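Here is the structure we will look at, set down as structure tokens.
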Amino acid sequence: MKSFKNKGFAKPMLYAAAAICLGLVLFFVFWPPKTQQLPPNILGEWYSDDPRYQTCFVTINADSFIIGGADGNIYPYRIKSITAEDTADSKDRLYTLLCEDPEGLELAFRLYYDAERGMLSYKNQRNIIWLKAKKN
977 MKSFKNKGFA KPMLYAAAAI CLGLVLFFVF WPPKTQQLPP NILGEWYSDD
1027 PRYQTCFVTI NADSFIIGGA DGNIYPYRIK SITAEDTADS KDRLYTLLCE
1077 DPEGLELAFR LYYDAERGML SYKNQRNIIW LKAKKN
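Using the working numbering, you'd call the opening residue of the sequence shown number 977 and step up by one each time.
Quick look at the structure:
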């Protein structure tokens, strides 16, 4: 019986298999996460009853995230991508909005959304609740 080793088939096949495996690993490691869309209930204007934020607002649209600051300035951001993940300790869903300011600086806003109670909170300020403005 003849062996393929002498014909030079083993090395190219081994290299091809290694290249395919490496390609698959790189694909799954570096491929960006699938961009989500925000649920319609999140879109709109949000306000907080917290005294420190009574003059502030947050407006969320399909493609923009706008913060009205206590200083009276408005800070607009363009949403580049959205990811969502369920949380193990609550029914809230954590949304990460990767945004870009007018100068091109990238920022990530991480928001918890409680669909049952209709509340938002920033990940780093869980104790400050934002409620959606009522439509007139």
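Heads up, the beta-carbon is just placed ideally off N, CA and C, and yes, glycines get one too. Remember, predicted model here, so these are calculated numbers, not experimental data.
Express the C-alpha separation of G1080 and D1025 in angstroms, rounding to a whole number. Spanning the two alpha carbons is a distance of roughly 32 Å.
Please work out which residues of its chain come closer than 7 Å, Cβ to Cβ, to P1015, disregarding the five sequence neighbours upstream and downstream, and give them in chain order. In the same chain as P1015, and ignoring 5 residues on each side of it, no C-beta atom comes closer than 7 Å to its own.
DSSP-derived helix/strand/coil call for R1028: Shown here, R1028 sits in a helix according to DSSP, grouped into three states.
Any idea what DSSP makes of P1016, helix, strand or coil? Of the three classes helix, strand and coil, the one that applies to P1016 here is helix, per DSSP.
Which residue marks the beginning of the beta strand (DSSP E) containing D1090, and which one marks its end? Boundaries of the beta strand (DSSP E) harbouring D1090: E1082 to D1090, taken from the DSSP string.
From this set, Q1101, R1102, L1087 and L1107, which residue's C-alpha is nearest M921's C-alpha? The structure shown does not extend to residue 921, since the chain spans only 977 to 1112, so no value can be given for it.
Taking DSSP as the reference, what is the three-state secondary structure of E1079? Of the three classes helix, strand and coil, the one that applies to E1079 here is coil, per DSSP.
According to the neighbour-count rule (16 or more other Cβ atoms, all chains shown, within 10 Å of its Cβ), is A1109 buried or exposed? By the neighbour-count rule (16 or more Cβ atoms within 10 Å), A1109 is not buried but exposed.
Of all the options Y1088, E1076 and A1038, which has the alpha carbon lying nearest to the alpha carbon of R1102? Here the closest residue by C-alpha is Y1088.
The beta strand (DSSP E) spanning A1060 covers which residue range? If you look at A1060, you'll find it in the beta strand (DSSP E) that goes I1050 to D1062.
Residue range of the beta strand (DSSP E) that includes K1108: Q1101 to K1108 is the span of the beta strand (DSSP E), which, as asked, contains K1108.
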